[in-house]
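In our numbering, the protein residues as written are 391 to 547.
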């Protein structure tokens, strides 16, 4: 499968994308563990059906130390026993924020409160930014049909 658009070679898109990717790098420097950021990015990408991002974040999570079991179970995290309460809260927030149009009320006060039990204000801000960034990246990649499978961990860092 070929991509519909190559962001890196298109001058206009490339200029905007450089700023977009700089924002993504800044989010990576946030006070959240790298493995948690990758789990959240992976779950958002699974929900959105973004193959290239699922590929990327599975490999980045593995490089950050995630086990094959935890990676395999992230799609069914509610039923899995391998995640901490903090990870569960982050994954729930990621799901609700990603499915905001489907969730009725969006992110409920209860979901937010569970996340706030485990993360301080800086971490919550980073988590919201990471979720929002991932949703935007998913949409860019899905619309342009970016192919999956060739990503190498660290390729864009």
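Quick reminder that beta carbons are idealized off the backbone N, C-alpha and C, glycines included.
Since residue i contacts residue j with CB under 8 Å, what's their CB separation in whole angstroms?
i	j	result
residue 514	residue 505	6 Å
residue 432	residue 447	4 Å
So, residue i versus residue j, is the Cβ gap smaller than 8 Å?
i	j	result
residue 430	residue 393	no
residue 476	residue 451	no
residue 521	residue 438	no
residue 434	residue 488	yes
residue 436	residue 465	yes
By Cβ distance, which residues of its chain are closer than 8 Å to residue i, with the 5 residues on each side in sequence left out?
i	result
residue 449	541, 542 and 543
Just to confirm my understanding: we take residue i, look at its own chain, exclude 5 residues before and 5 after, and list those with CB closer than 6 Å. What are they?
i	result
residue 538	441, 442 and 445
residue 490	496
Can you give me the Cβ contacts of residue i inside the same chain, cut-off strictly under 7 Å, excluding the 5 residues immediately before and after it?
i	result
residue 516	417, 420, 421 and 422
residue 407	397
ask   = Can we say the segment 395-403 touches the segment 412-426, given the rule of at least three CB pairs closer than 8 Å?
value = no
message = Does the structure place the segment 450-459 close enough to the segment 480-495 that three or more beta carbon pairs sit under 8 Å?
response = no
task = Run through the segment 472-519 for me and flag every whole alpha helix (DSSP H) of 4 or more residues, listed as ranges in chain order.
result = 475-488 and 499-508
ask   = Where are the alpha helix (DSSP H) runs, 4 residues long or more, that stay fully inside the segment 407-485, in chain order?
value = 424-438, 441-453 and 458-463
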